[in-house]
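All residue numbers for the sequence shown refer to numbering that gives the first Met the number 0, where the first residue is 0 and numbers rise by one.
Glycine included, every Cβ here is placed at the ideal spot set by N, Cα and C.
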Amino acid sequence: MTPGQGVLAIWNGMEEGHDAEFIRWHVHEHIPERLTVPGFLRARRYAAVDGQPTYFNFYETETPDILFSETYLSRLNDPTEWTRRVVPHFTNFSRTPCQVVASTGHGAAGFVIALRLDCDADLAAPVATALIRSKNLSAVHLLERCGEAVLETAESAMRGKKDETSRAILLAEGPMAEPLKAAVDAILASPECDTPPVTASGLYRLDFIMESSVYEAHLN
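As structure tokens, then:
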């Protein structure tokens, strides 16, 4: 289960030759910076096994309001020098602030299938319910876009084009890639479930995870 009721779901690729710098920045500055914002609880980065773009970043917050808080917005409008060097090389950027509609299961598994949907979250609820019955999955999260999805900030201006966003997102986690994919494919193809309109999908491997409580303890 997610530890809070808010999620910021971000996808991005990188221009050729900039992946290593992105990962160094993400691990050593960007994620730690975000986790010092009150209400940010945990951050994960995934790398694509099958699908595009290359990276899926998943921030969990106490509530969705945290994603529109004065403290968080001040970070977006005052990017660091390192951020100014990295962000202009982003590609295929998608950003969706979310309310957690449903979250069940446990742990943070090594793989996730991420489905971006062009529908309200309630239309995907039957699929989410069917997914969690599979023993090849460890957790399922159904998210719905909330608030103003596209924010005009100093950081967004560096990306050079308007951010993509999704109306709803369905995440299925599991410890094994192939069984996870097979289970999700089977349920989406089942005549018992009306498949929601999927605009993008991908299988991703967990690359990095950090919790705010652990990071704060390290600082102290």
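Residues of its chain near Glu210, where Cβ-Cβ distance is below 6 Å and the 5 sequence neighbours each way are ignored: Arg41
Backbone CA spacing between Gly159 and Leu7 [nearest angstrom]: 20 Å
Other residues of its chain near Leu142: CB distance less than 8 Å, five sequence neighbours each side excluded: Val6, Ala8, Thr95, Cys97, Gln98, Val99, Val100, Ala120, Ala167, Ile168, Leu169, Leu170
For Met13, the three-state DSSP class (helix, strand or coil): strand
Contact the stretch 70-79 vs the stretch 25-41: 3+ CB pairs below 8 Å: yes
Residue nearest to Ser189 in terms of C-alpha spacing, selected from Leu122, Ala129, Val48: Ala129
Straight-line gap, Ala153 to Val86 (C-alpha atoms, nearest Å): 11 Å
Between the CA atoms of Leu202 and Ile22 - distance to the nearest angstrom: 19 Å
Through-space distance from Tyr45 to Asn56, alpha-carbon basis: 6 Å
Contact check, Ser93 vs Glu163, beta carbons under 7 Å: yes
Alpha helix (DSSP H) runs contained entirely in the stretch 14-83, provided each spans 4 or more residues: 18-24, 30-34, 69-75
For Ala153, the residue or residues it bridges with in DSSP: DSSP, once it has assigned bridges, lists no residue as partnering Ala153.
Where Thr1 falls: helix, strand or coil (DSSP): coil
C-alpha gap between His105 and Pro174, whole angstroms: 11 Å
Beta carbon of Pro63 nearer than 7 Å to that of Cys145: yes
Whole-Å CB distance - Thr198 paired with Ser165, under 8 Å assumed: 7 Å
Which of helix, strand or coil DSSP assigns to His275: The structure shown does not extend to residue 275, since the chain is modelled only from 0 through 219, so no value can be given for it.
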